[in-house]
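Residue numbers (full-length UniProt numbering): 1 to 724.
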């Protein structure tokens with residue numbers, strides 16, 4: 001039978017005669033309250049009939065208890081314990097046999113723990129100490145008590161023993177680790193013990209203890225740990241363990257097998273905490289590489305000071321735009337001549353770092369406007385000068401370089417698992433790396449594989465994480481685009497990212513506008529080189545009137561006509577424009593209803609047969625149209641009423657309609673697969689008067705949001721939804 005270990009205030013007993021009278025709040029971690037009788041007579045382990053009963057008033061130290069026994073003599077009171085203490089005996093009576101046994105095992109445990117604490121606090125012979133540790137571990141494993149502290153208490157004793165004795169041999173280390181290994185199967189090691197394990201991993205990475213003992217411990221940490229912030233030494237131990245695996249002969253192959261063992265043989269990892277914990281370990285390890293690099297420079301200005309334009313730590317000048325250059329002997333030799341004129345760039349040297357500070361009136365005016373703002377300058381803006389001058393030359397130590405290589409390789413491994421990729425993309429979307437890492441060419445070049453995996457994944461939840469996590473903040477899309485700090489190619493990865501985003505739900509004016517404002521040059525350059533995705537982007541910009549400037553439009557047209565694929569797609573665009581003008585020419589019916597079971601192709605064929613510039617009411621109810629038909633619907637300029645009842649029209653189509661059909665007044669979405677993600681886009685359709693969302697996946701919060709943002713909305717149907 002298993003028992004719960006007594007905690008503070010758990011024992012509530014009386015002595016001998018009154019089983020229903022309980023002692024209140026009598027336990028602390030060190031003392032057991034006792035009753036001090038005035039007329040207690042003790043003889044041969046028996047209590048006289050005149051023994052008084054009542055509450056215990058004074059405390060008894062657990063270490064003072066000489067013996068604990070269950071009363072077993074004939075006619076002994078029921079459910080009683082006998083405690084032998086210096087100067088007498090105390091009898092405790094419980095309400096039932098289970099409670100009595102719980103007290104008995106708990107008191108025995110407390111008594112023995114204090115004994116081992118005393119014995120192991122002053123070790124003399126380590127062979128004896130090792131024997132006592134094994135006995136302590138066996139006691140914890142065989143105890144009928146069921147409590148976390150049963151296994152944690154021996155670990156804490158051993159942890160304290162190791163922290164106070166630093167002169168142990170390697171053999172002693174391994175013997176102690178092997179002795180306590182059974183306790184670590186179901187318990188996290190205490191902080192001091194983690195530090196001891198870290199030291200062992202660093203000093204003896206090839207020891208068999210690392211593989212045989214530490215592996216199940218680290219596996220348990222990764223599977224069950226909920227927050228490394230509360231126990232950072234667990235994270236450090238995991239980090240050192242993985243580095244120790246990397247030091248074995250097979251190196252990263254051993255690490256790869258370990259990662260695979262954490263994922264499991266199936267396509268879905270059964271442990272949801274493994275990936276977040278592995279990513280946390282990787283991020284901490286990568287950060288430590290650059291933290292050590294920064295701290296290793298004594299008199300040179302820090303990277304933060306360099307980004308702020310300071311030549312010396314004591315020199316606090318206004319922020320200036322920076323251009324970070326590769327290390328070059330020519331730059332070093334030119335330093336003296338460059339500083340002679342204020343009109344010329346100033347080279348600030350910092351060991352392996354050279355920073356060119358560009359001084360000009362425009363930059364000074366821009367930075368003057370930011371005076372008083374304590375926020376750190378955007379490193380990405382500082383570096384986006386040219387692809388050839390976009391990174392810093394950072395020379396890490398050999399150890400830091402090995403750590404960086406190991407943990408970036410682990411991130412690559414994690415990105416290869418399909419079930420882990422969505423969560424990994426979400427965790428990395430905020431770019432949780434130090435700015436020094438983003439400016440380090442080796443790091444961004446190695447991490448490019450992970451970003452490429454995100455860009456190749458067709459799932460929207462994955463490739464959407466390439467974009468910034470919020471407005472005004474750069475994402476991986478910006479970093480690896482031409483001109484970004486991480487771009488080391490001619491735009492191949494950028495084209496791949498644009499292709500996957502355009503193929504998803506990002507074929508919108510907003511996305512095209514952002515490309516036109518920030519990346520029009522790279523798009524035109526890649527289109528000039530025959531990239532089909534970029535050719536399609538330029539055609540869409542012309543089709544949706546994204547570009548207002550006539551000269552820019554003519555330049556785009558010239559770019560398209562310079563290649564065969566561009567010329568062909570531009571001709572198709574011109575044909576569509578002519579058809580669109582014919583379609584939008586005033587004339588045709590004002591009302592139109594498609595037959596049931598019509599498809600997207602049927603709708604496209606019908607709309608291409610004549611002009612529908614007067615069409616105001618279109619019913620597609622009970623047809624088989626999908627979100628794909630939205631591309632044809634947005635070409636109807638007079639459309640005011642649209643019925644999509646019981647169709648397969650979804651969120652992607654709603655987002656497109658909300659951008660183009662801003663004059664729509666009546667919309668029926670009854671029994672369509674739309675969700676909050678698409679319905680929220682309707683908030684931009686200010687002309688909506690009637691909206692039917694019956695039997696959709698509308699939530700109450702989204703409904704309240706729509707009511708607040710649609711002032712003209714008068715008729716709403718939300719039956720059979722969460723908002724009903």
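Just so it is clear, CB atoms sit at the ideal spot from N, CA and C, and this is done for glycine as well. As the structure is a computational prediction, the values presented were derived from the model and not from experiment.
What whole-angstrom Cβ distance do residue 647 and residue 623 have, given they're in contact under 8 Å?
Numbered from its first residue, the chain shown carries residue 647 at position 647. Numbered from its first residue, the chain shown carries residue 623 at position 623. Yes, residue 647 and residue 623 are in contact; Cβ-Cβ is about 6 Å, under 8 Å.
Let me make sure I understand the geometry here. Which of 637, 164, 272 and 508 has the alpha-carbon closest to that of residue 226?
On the chain shown, position 226 is the one that residue 226 refers to. Of the candidates 637, 164, 272 and 508, the residue whose Cα lies closest to the Cα of residue 226 is 272.
Three or more C-beta pairs closer than 8 Å, one from the segment 552–559 and one from the segment 571–581: is that the case here?
Touching, no, given that fewer than three Cβ pairs across the two stretches are closer than 8 Å.
If I measure Cβ to Cβ from residue 495 and keep anything under 8 Å in the same chain, skipping five residues before and after, which residues do I get?
In the chain shown, residue 495 corresponds to position 495, counting from 1. Excluding residues within five positions, the ones whose Cβ falls inside 8 Å are 526, 531, 533 and 534.
Taking the continuous alpha helix (DSSP H) assigned at residue 106, which residues delimit it?
Translated into positions along the chain shown, residue 106 becomes position 106. First-last of the alpha helix (DSSP H) with residue 106: 97–121.
Please classify residue 231: does DSSP put it in a helix, a strand, or coil?
Translated into the one-based positions of the chain shown, residue 231 becomes position 231. In the three-state DSSP reduction, residue 231 falls in the coil class, being neither helix nor strand.
What do you get for residue 148, buried or exposed, if any count of 16 or more other CB atoms within 10 angstroms of its CB means buried?
For this step, residue 148 is matched to residue 148 along the chain shown. Exposed, by the Cβ-count rule.
Inter-residue spacing [alpha-carbon to alpha-carbon] between residue 562 and residue 528
Mapped onto the chain shown, residue 562 falls at position 562. Mapped onto the chain shown, residue 528 falls at position 528. Cα-Cα distance, rounded: 7 Å.
Please report whether the beta-carbon of residue 705 lies at a distance below 8 Å from any beta-carbon of chain C.
Absent from the structure: chain C. Only one protein chain is present.
Just to confirm, are residue 269 and residue 419 a CB contact at a threshold of 8 Å?
Here residue 269 refers to the residue found at position 269 when the chain shown is read from its first residue. Here residue 419 refers to the residue found at position 419 when the chain shown is read from its first residue. Yes, they are a contact pair.
First and last residue of the uninterrupted alpha helix (DSSP H) at residue 85:
Here residue 85 refers to the residue found at position 85 of the chain shown. Note, residue 85: premise wrong, no alpha helix (DSSP H); beta strand (DSSP E) at 80–85.
When the distance is taken between beta carbons, is residue 692 closer than 8 Å to residue 720?
Here residue 720 refers to the residue found at position 720 of the chain shown. Here residue 692 refers to the residue found at position 692 of the chain shown. Their beta carbons are not under 8 Å apart, which means residue 720 does not touch residue 692 by this criterion.
What span of residues does the alpha helix (DSSP H) with residue 715 cover, start to end?
Start at 1 with the first residue of the chain shown, and residue 715 comes out as number 715. It is not in any alpha helix (DSSP H) - residue 715 instead sits in the beta strand (DSSP E) that spans 715–717.
Mark residue 571 as exposed unless 16 or more other C-beta atoms lie within 10 angstroms of its C-beta, in which case mark it buried.
Taking the chain shown and counting its residues from 1, the one referred to as residue 571 is at position 571. Exposed, since its Cβ has fewer than 16 Cβ neighbours within 10 Å.
Backbone CA spacing between residue 178 and residue 137 [nearest angstrom]:
Position 178 of the chain shown, counted from the first residue, corresponds to residue 178. Position 137 of the chain shown, counted from the first residue, corresponds to residue 137. Looking at the two C-alpha atoms, the distance is approximately 11 Å.
Determine the DSSP secondary structure at residue 697, reduced to helix, strand or coil.
Numbered from 1 along the chain shown, position 697 holds the residue referred to as residue 697. Here residue 697 carries a strand assignment [DSSP, helix/strand/coil].
Residues that residue 591 bridges to, as DSSP identifies them:
On the chain shown, position 591 is the one that residue 591 refers to. Residue pairing by DSSP places residue 591 opposite 617 in a beta bridge.
Residue 596: first and last residue of the uninterrupted alpha helix (DSSP H) it sits in
Your numbering for residue 596 matches position 596 in the chain shown. No alpha helix (DSSP H) holds residue 596; DSSP gives it neither H nor E.
Tell me, please, whether the segment 404–413 touches the segment 442–451 by the rule of three or more beta-carbon pairs shorter than 8 Å.
Short answer: they touch.
First and last residue of the uninterrupted beta strand (DSSP E) at residue 558
Start at 1 with the first residue of the chain shown, and residue 558 comes out as number 558. Counting along the chain, residue 558 falls outside any beta strand (DSSP E), though it belongs to the alpha helix (DSSP H) covering 550–560.
Just to confirm the assignment: which complete beta strand (DSSP E) runs, minimum length 3, are found wholly within the segment 438–469?
None, since the segment 438–469 contains no complete beta strand (DSSP E) of that length.
Within the continuous alpha helix (DSSP H) that includes residue 215, where are the two ends?
Looking up residue 215 in the chain shown gives position 215. In the DSSP assignment, residue 215 falls within the alpha helix (DSSP H) that extends over 215–224.
Pull up the CB-CB distance for residue 143 and residue 103, whole angstroms please, since I reckon it's below 8 Å.
Indexing the chain shown from 1 puts residue 143 at position 143. Indexing the chain shown from 1 puts residue 103 at position 103. Not confirmed; about 14 Å, so no contact.
Is the beta carbon of residue 615 sitting closer than 8 Å to the one on residue 588?
Counting from one through the chain shown, the residue named residue 615 turns up at place 615. Counting from one through the chain shown, the residue named residue 588 turns up at place 588. One thing to note: residue 615 has its Cβ within 8 Å of the Cβ of residue 588.
Using 10 angstroms around the beta-carbon of residue 88, count the other beta-carbons present and answer buried if the total reaches 16, otherwise exposed.
Locating residue 88 in the chain shown gives position 88, where the first residue counts as 1. It counts as exposed.
Determine the extent of the beta strand (DSSP E) in which residue 67 is found, giving its start and end residues.
Indexing the chain shown from 1 puts residue 67 at position 67. Per DSSP, residue 67 is one residue of the beta strand (DSSP E) stretching across 67–70.
Under a Cβ-count criterion, where at least 16 other Cβ atoms within 10 Å of its own Cβ denotes burial, should residue 118 be classed as buried or exposed?
By 1-based counting over the chain shown, the position of residue 118 is 118. Exposed: under 16 other Cβ atoms inside 10 Å.
Just reading off the alpha helix (DSSP H) that residue 674 is part of, what are its end residues?
Your numbering for residue 674 matches position 674 in the chain shown. Premise fails: residue 674 is in no alpha helix (DSSP H) and is neither H nor E.
Check whether the Cβ atoms of residue 592 and residue 618 sit closer than 8 Å, and answer yes or no.
One-based indexing of the chain shown puts residue 592 at position 592. One-based indexing of the chain shown puts residue 618 at position 618. A contact, by the Cβ cut-off of 8 Å.
Output needed for residue 224: all residues of its chain with C-beta closer than 7 Å, excluding positions within five of it in sequence on either side, in chain order.
In the chain shown, residue 224 corresponds to position 224, counting from 1. Here the set comprises 273.
Backbone CA spacing between residue 640 and residue 509 [nearest angstrom]
Residue mapping note: residue 640 aligns to position 640 of the chain shown, counting from 1. Residue mapping note: residue 509 aligns to position 509 of the chain shown, counting from 1. Those two C-alpha atoms are separated by around 21 Å.
In this structure, what does DSSP give as the bridge partners for residue 88?
The count along the chain shown starts at 1 and reaches residue 88 at position 88. DSSP lists 85 as partners of residue 88.
Please return the same chain residues whose Cβ sits closer than 6 Å to the Cβ of residue 681, not counting the five positions on each side in sequence.
Here residue 681 corresponds to residue number 681 of the chain shown, with the count starting at 1. Excluding positions up to five away in sequence, the list reads 654, 655 and 658.
Return the chain-ordered list of same chain residues with a C-beta closer than 7 Å to the C-beta of residue 787, the five sequence neighbours on each side being excluded.
Absent from the structure is residue 787, since the part of the chain shown begins at 1 and ends at 724.
Whole angstroms are fine: how far does the CA of residue 474 sit from the CA of residue 484?
In the chain shown, residue 484 corresponds to position 484, counting from 1. In the chain shown, residue 474 corresponds to position 474, counting from 1. Rounded to the nearest whole angstrom, the C-alpha separation of residue 484 and residue 474 is 10 Å.
Please work out which residues of its chain come closer than 8 Å, Cβ to Cβ, to residue 416, disregarding the five sequence neighbours upstream and downstream, and give them in chain order.
Here residue 416 is taken as the residue at index 416 of the chain shown, counted from 1. So the list reads 453, once near-sequence residues are dropped.
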